[in-house]
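Participant:
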Amino acid sequence: MESILEIKDLGKNFGGFTALSGVNLAIRQGERLGLIGPNGSGKTTLINCISGALRNDHGQIQFKGESISHLPAHTRTKRGIARSFQLPRPFRSMTVAENLMVPLAYVGGVSGSKARKQALEILAEMGLADKADTSSASLSQVELRKMELARAMAAKPQLLISDEAMAGLSGSEVDDVLDILIKLNKSGITIIMIEHIMHAVMRFSERLVCLDAGQIICDGDPQTVVANPQVHRAYLGD
Amino acid sequence: MIFSFDLLFEAVMFGLLLGCFYAAVSLGLSVAFGLLDVPHVAHPALLIVGSYGAYLLGGWGIDPLVSGFLLMPLFFLVGMLLYRFYYATFESRGTAAGVNGLAFFFGVAFIIEVLLIVAFGVDQRSAEASYIGDSLELFEIRIPYRLLVAAGVALLLTLVLTLFFSRTFVGRAIKAVGQDEGALQLMGANPVSIKQLAFGIATAVNALAGAMLIIVSPVDPTMDRIYIGRAFCVVVLAGVGSMSGTLVAGLILGVAESIVLTMFGASWATAVAFGLLLLMLGIRPHGLFGR
Amino acid sequence: MKYWIFSALAFIAAFGLALSGVNEYIFFAGFVVMQAIVLATAWNILGGYAGYVNFGVPGFVGVGAYTALSMHLLFHAPILVQIAAGAVMAGVLGLGVGMLTLRLRGVFFSIATIAVVFIVEAVVINSRFLGGATGIQLTRPTEVWLFGSYTRMLFVVMALMAVVAVSVARYIQNSHIGQGLRAVRDSEEAADCSGVPTLKLKLIACAVSGALIGVAGAPMPMYLSYVEPASTFNLHYAVIALAMPIIGGTAHWAGPLIGALILGTLQQIVTVTISSELNVLVVGLLLVIFVVAAPDGVIGLVKKWKASSK
């Protein structure tokens with residue numbers, strides 16, 4: 000199966016600090032990848048480089064066979080990469096439906112009543128249909144996270160990056176979001192999930208990649224990775 | 000354009016001393032804006048208030064430098080209250096660095112300027128002290144004592160603050176809160192209290208800097224405008240977040256301004272700070288020493 | 000459609016007023032109010048819609064005024080050509096400042112706009128052609144079209160510019176661009192990831208906003224028969240351009256209009272009854288009070304009142 004995303008020798012520095020170095024990663028189309036690692040290991044930096052929020056200093060990123068390292072974030076979204084944010088960033092002055100209509104307009108070129116119809120459909124899948132016309136500023140945490148995912152979905156991505164979408168949620172809420180992600184993956188979307196909630200990661204991922212201090216220290220099937228002593232050391236320290 | 004090596008040397012000397020002073024003026028902003036990320040465009044206005052404070056106390060025969068020190072506790076309190084208000088009104092509502100925060104500080108700066116005009120009029124005010132008026136003669140150039148005093152105090156202030164931020168627990172906490180609030184909370188410190196303290200310190204420093212300003216030159220209520228340029232120029236040139244870089248940046252600005260003043264006249268000199276600021280924003284926004 | 004009918008009527012009313020025999024003073028004051036509407040509306044396109052605060056309004060007003068002056072001195076250009084030239088130069092300036100700073104955080108853009116004022120003013124002061132620090136006196140052209148005086152004609156021209164400015168703001172607000180700018184203002188990062196070309200939209204807003212501020216400044220030399228740096232690059236423009244949209248409401252094109260009318264009337268009352276220094280203080284206080292207590296402006300207050308009385 001083809002790689003939808005290929006990262007070769009990726010490096011990123013902040014002043015004197017090396018956040019990422021020598022990262023090599025190839026992600027298959029339709030894969031469910033879990034990205035784990037202790038705080039500060041570079042997970043968010045990595046996905047920022049993939050989504051375009053940051054420019055990588057070394058290495059290459061190829062999406063669907065084409066290099067995207069030089070492209071701005073909005074172009075990458077148009078090409079098919081979407082992401083949610085660790086701290087939800089709603090368009091606060093807009094309703095939930097209007098939030099979705101932004102990517103629908105700018106990525107899909109759809110507006111007006113057609114866009115609203117599509118927005119409502121996506122919201123229904125997420126279980127947010129009844130909040131469509133509520134101001135996004137008044138949503139609860141779990142509703143905000145669902146809206147983040149819904150908005151990412153409205154960009155009709157082929158690759159979706161979920162950045163700690165479940166942080167701070169209760170047990171049943173975590174399962175809700177997890178079910179949504181699995182459903183999305185079944186419809187063909189490749190998903191990279193960053194998460195600290197281990198049982199969610201284990202349930203979701205068919206492959207696990209562990210980062211530590213900016214480098215990949217383990218990459219393989221979940222059971223093997225979590226048993227790896229290097230991974231244990233990364234989380235617990237020496 | 001007038002040019003001669005003697006004049007150039009004098010301009011550079013003058014500029015270095017002035018630069019120390021510019022650095023001191025910008026220290027408070029470096030803390031408020033650089034470390035705490037508050038869009039504090041009212042900082043120079045508070046500086047001028049410090050100058051007028053020194054002027055008022057001068058009416059009772061108090062030396063301006065002493066006035067500066069006397070005013071520091073009051074300014075410290077004002078700074079804390081201002082931050083408290085800013086935080087409660089803007090940051091906790093989630094609209095921090097947006098339109099409203101900026102507009103607020105701009106409005107405050109403007110109100111301060113108008114109140115100063117109403118209270119003191121638009122004419123310039125000066126301070127009186129034994130060291131104002133005389134000059135030191137060194138290598139055939141005359142260096143005004145007032146500049147030496149201001150530069151000296153400025154250097155001392157820079158040293159004290161740099162040590163404070165690198166050696167004391169509170170100082171390091173302030174530096175940390177700008178970078179990682181979460182870690183600070185885990186250590187049991189309250190980020191908001193720390194930021195409030197820092198803002199208080201930044202404003203207190205302004206009191207002393209304002210006193211130095213009126214020692215160096217007469218002040219009028221509209222001077223906050225040019226000092227917005229100078230202070231932000233120094234902070235941006237140094238690199239947002241770098242305390243020690245502030246001194247070097249101040250010196251660069253001081254010398255640049257002084258040379259332009261000598262060669263092209265006063266009407267271009269005031270634009271130097273702003274021009275340098277734009278240049279830095281364009282080619283190297285993280286400054287010379289910044290992260 | 001309602002909007003166009005209303006605007007056409009408003010313009011016709013202004014036109015008619017200028018043809019009537021009313022006291023000349025009305026047109027001096029009216030010009031100032033129309034100019035305020037243009038300034039407030041122009042500022043809001045960048046400040047309210049995109050969330051980028053321009054403190055350098057006097058610089059853009061000055062560019063408009065001095066470009067118009069140059070067109071007059073060099074070519075004896077008619078007023079509409081002067082305004083067009085002023086708009087272009089100010090728009091280019093807006094674009095330039097944008098390109099320099101819009102990749103950085105919003106506060107750096109604001110600081111850069113302050114720098115613009117001082118630099119443009121320094122250029123003007125050092126230019127003998129533009130009159131330097133002392134300024135230039137002008138003689139107004141004699142043709143006044145159908146109106147009794149040049150002031151009346153300028154009033155009508157400015158009223159037309161007000162209609163143009165508000166129409167542009169309304170168009171942007173309701174368009175694709177407005178939607179994108181709102182997203183940028185609410186969360187630039189999320190907008191980027193939603194496919195919004197944030198830099199391009201911000202630059203458009205910068206250019207349009209700058210150009211319209213230039214439009215407000217361009218007729219100044221002709222209006223005063225005199226132009227000099229101190230009054231042209233006056234801080235007063237910066238404060239009112241911010242205060243009017245914030246008082247009226249920054250989210251909607253009607254906000255700056257409401258703010259301009261409220262503030263304009265209030266200023267006249269205060270200046271006449273109390274003093275002109277206090278007038279300036281009142282503007283500053285209102286700005287701070289609204290930013291703190293009613294950040295959505297009068298429009299926001301009305302919405303809240305309507306919602307709570309249901």
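Protein chains in written order, with numbering that gives the first Met the number 0: chain A, 0 to 237; chain B, 0 to 290; chain C, 0 to 309. Glycine included, C-beta positions come from ideal geometry on N, C-alpha and C.
1. Mind checking the segment 169–202 of chain C against chain A and listing, in chain order, the residues whose C-beta falls within less than 8 Å of any C-beta there?
2. Could you tell me whether the Cβ of Lys-302 (chain C) comes closer than 8 Å to any Cβ of chain B?
3. Taking DSSP's pairing of strands, which residues face Glu-5 (chain A) in a bridge?
4. For a cutoff of 8 Å on Cβ pairs, would you count Ala-270 (chain B) as touching chain C?
5. Does the segment 50–69 of chain B touch the segment 266–285 of chain B, meaning 3 or more C-beta pairs lie closer than 8 Å?
6. Quick one: grab the DSSP three-state call for Tyr-51 (chain C).
7. Take Gln-85 (chain A) and list the residues in its own chain whose beta-carbon comes closer than 6 Å to its own, dropping the five residues that flank it on each side.
8. Taking the C-alpha atoms as reference points, what is the distance between His-57 (chain A) and Asp-8 (chain A)?
9. Can you list the residues of chain C that Tyr-105 (chain A) reaches, using a CB-CB cut of under 9 Å?
10. Counting contacts by CB-CB distance shorter than 8 Å, is Ala-111 (chain C) in contact with chain B?
11. From the DSSP output, in three-state form, read off Tyr-130 (chain B) for me.
12. One question on the structure: do Val-48 (chain B) and Phe-104 (chain B) come within less than 8 Å of each other, judged by their Cβ atoms?
13. Going along chain A, which residues have a C-beta under 9 Å from Ala-310 (chain C)?
14. Hey, does Ala-237 (chain C) have any beta-carbon neighbour from chain A nearer than 8 Å?
15. So with Cβ pairs under 8 Å, would you call Ala-121 (chain C) a contact of chain B?
16. Which class does Asp-220 (chain A) belong to by DSSP, given the choice of helix, strand or coil?
17. So Ala-293 (chain C) contacts chain A; which residues on that side make the cut at Cβ distance below 7 Å?
18. Can you check whether the C-beta of Ala-95 (chain B) is within less than 8 Å of a C-beta belonging to chain C?
19. Beta-carbon within less than 6 Å of Leu-24 (chain A)'s beta-carbon, same chain only, minus the 5 sequence neighbours each way: which residues are those?
20. In terms of DSSP beta bridges, what is Ala-118 (chain B) paired with?
21. Apart from the five residues on each side of it in sequence, which residues of its chain come closer than 6 Å, Cβ to Cβ, to Asp-191 (chain C)?
22. Going by DSSP in three states, Met-100 (chain A) sits in which element: helix, strand or coil?
23. Indicate whether the contact test is met: 3 or more Cβ pairs, each with one atom in the segment 46–60 of chain A and one in the segment 96–114 of chain A, closer than 8 Å.
24. Using a C-beta cutoff of 8 Å, does Ala-9 (chain C) count as contacting chain A?
25. How would you list, in chain order, the residues of chain B whose beta-carbon sits under 8 Å from the beta-carbon of Thr-249 (chain C)?
26. Are the beta-carbon atoms belonging to Ala-188 (chain B) and Ala-201 (chain B) less than 8 Å from one another?
27. Lys-42 (chain A) by DSSP, collapsed to three states: which one?
28. When DSSP labels each residue in this structure, what does His-231 (chain A) get in the three-state scheme?
29. Closer than 9 Å, Cβ to Cβ, to anything on chain C: give me those residues from the segment 242–267 of chain B, in chain order.
30. Are the C-beta atoms of Val-152 (chain B) and some chain C residue less than 8 Å apart?
31. Going by beta carbon distance, what residues of the same chain come within less than 6 Å of Ala-95 (chain B), once the five residues before and after it are set aside?
32. Expressed to the nearest angstrom, what Euclidean distance is found between the alpha-carbon atoms of Asp-237 (chain A) and Val-224 (chain A)?
33. Could you tell me how far apart the beta carbons of Leu-276 (chain B) and Gly-228 (chain B) are, in whole angstroms, since I believe they sit closer than 8 Å?
34. So, is Thr-141 (chain C) buried or exposed, given that buried needs 16 or more other C-beta atoms within 10 angstroms?
35. Going by beta carbon distance, what residues of the same chain come within less than 8 Å of Arg-181 (chain C), once the five residues before and after it are set aside?
36. Going by DSSP, what residue range makes up the beta strand (DSSP E) through Asp-178 (chain A)?
Facilitator: Per the coordinate set shown:
1. His-175, Gln-178, Gly-179, Arg-181, Ala-182, Arg-184, Asp-185, Ser-186, Glu-188, Ala-189, Ala-190, Asp-191, Cys-192, Ser-193, Gly-194, Val-195, Pro-196, Thr-197, Leu-198
2. Taking the third sequence and counting its residues from 1, the one referred to as residue 302 (chain C) is at position 303. Cβ-Cβ to chain B under 8 Å: no for Lys-302 (chain C).
3. Translated into positions along the first sequence, residue 5 (chain A) becomes position 6. Glu-5 (chain A) is bridged to A:Ala-25, A:Gln-61.
4. Locating residue 270 (chain B) in the second sequence gives position 271, where the first residue counts as 1. Chain C contact via Cβ: present.
5. no
6. If you number the third sequence from 1, residue 51 (chain C) lands on position 52. The answer is coil: DSSP assigns Tyr-51 (chain C) none of H, G, I, E or B.
7. For the purposes of this step, residue 85 (chain A) is taken as the residue at position 86 of the first sequence. The residues are Asp-162, Glu-163.
8. To locate residue 57 (chain A), count along the first sequence from 1; it is residue 58. To locate residue 8 (chain A), count along the first sequence from 1; it is residue 9. Between His-57 (chain A) and Asp-8 (chain A), the C-alpha separation is close to 7 Å.
9. Locating residue 105 (chain A) in the first sequence gives position 106, where the first residue counts as 1. The answer, in chain order, is His-175, Gln-178, Gly-179, Ala-182, Ala-190, Ser-193, Gly-194, Val-195, Pro-196.
10. Reading the third sequence from its first residue, position 112 is the one you call residue 111 (chain C). By this cut-off, Ala-111 (chain C) is an interface position.
11. Position 131 of the second sequence holds residue 130 (chain B). Coil, per DSSP.
12. Indexing the second sequence from 1 puts residue 48 (chain B) at position 49. Indexing the second sequence from 1 puts residue 104 (chain B) at position 105. No, Cβ-Cβ distance for Val-48 (chain B) and Phe-104 (chain B) is not below 8 Å.
13. Because chain C in this structure spans residues 0 to 309, residue 310 (chain C) falls outside the shown range and cannot be described.
14. If you number the third sequence from 1, residue 237 (chain C) lands on position 238. Taking Cβ atoms only, chain A never reaches closer than 8 Å to Ala-237 (chain C), which makes this a no.
15. Indexing the third sequence from 1 puts residue 121 (chain C) at position 122. Output row for Ala-121 (chain C): interface = yes.
16. Walking along the first sequence from the start, residue 220 (chain A) turns up at place 221. Coil, per DSSP.
17. Within the third sequence, residue 293 (chain C) is the residue found at index 294, counting from 1. Within chain A, no residue comes near Ala-293 (chain C); the closest Cβ sits about 16 Å away, beyond 7 Å.
18. Locating residue 95 (chain B) in the second sequence gives position 96, counting from the first residue. The pLDDT assigned to Ala-95 (chain B) is 45, lower than 50, so where the model puts this residue is not dependable, and the model offers no usable value.
19. For this step, residue 24 (chain A) is matched to residue 25 along the first sequence. So the list reads Ile-6, once near-sequence residues are dropped.
20. By one-based count along the second sequence, residue 118 (chain B) stands at place 119. The partner list for Ala-118 (chain B) (beta bridge, DSSP) is empty, contrary to what the question assumes.
21. Mapped onto the third sequence, residue 191 (chain C) falls at position 192. Contacts found: Thr-197.
22. In the first sequence, counting from the first residue as 1, residue 100 (chain A) sits at position 101. Helix.
23. no
24. Position 10 of the third sequence, counted from the start, is the residue given in the question as residue 9 (chain C). With 8 Å as the cut-off, Ala-9 (chain C) does not count as an interface residue toward chain A.
25. For the purposes of this step, residue 249 (chain C) is taken as residue 250 along the third sequence, with counting starting at 1. Here the neighbours are Val-98.
26. The count along the second sequence starts at 1 and reaches residue 188 (chain B) at position 189. The count along the second sequence starts at 1 and reaches residue 201 (chain B) at position 202. No.
27. Translated into positions along the first sequence, residue 42 (chain A) becomes position 43. Of the three classes helix, strand and coil, the one that applies to Lys-42 (chain A) here is helix, per DSSP.
28. The count along the first sequence starts at 1 and reaches residue 231 (chain A) at position 232. In this structure, His-231 (chain A) counts as helix in the three-state DSSP scheme.
29. Phe-263, Gly-264, Ser-266, Trp-267
30. Against the second sequence, residue 152 (chain B) aligns to sequence position 153. Chain C contact via Cβ: absent.
31. On the second sequence, residue 95 (chain B) is found 96 positions in, with the first residue counted as 1. Confidence at Ala-95 (chain B) is low in this model, with a pLDDT of 45, below 50, so its placement is unreliable and the value that follows should be read with caution. Answer for Ala-95 (chain B): Phe-89, listed in chain order.
32. For the purposes of this step, residue 237 (chain A) is taken as the residue at position 238 of the first sequence. For the purposes of this step, residue 224 (chain A) is taken as the residue at position 225 of the first sequence. Residue confidence is low: Asp-237 (chain A) scores 49 on pLDDT, short of 50, so the model does not pin down where it sits. No coordinate-derived value is stated.
33. Against the second sequence, residue 276 (chain B) aligns to sequence position 277. Against the second sequence, residue 228 (chain B) aligns to sequence position 229. About 6 Å separates the two Cβ atoms, so the contact holds.
34. Start at 1 with the first residue of the third sequence, and residue 141 (chain C) comes out as number 142. Counting Cβ neighbours within 10 Å, Thr-141 (chain C) comes out exposed, since fewer than 16 surround it.
35. As a first step, residue 181 (chain C) is located in the third sequence; it is residue number 182 there, counting from the start. Result list for Arg-181 (chain C): Tyr-48, in chain order.
36. Looking up residue 178 (chain A) in the first sequence gives position 179. Counting along the chain, Asp-178 (chain A) falls outside any beta strand (DSSP E), though it belongs to the alpha helix (DSSP H) covering 170–185.
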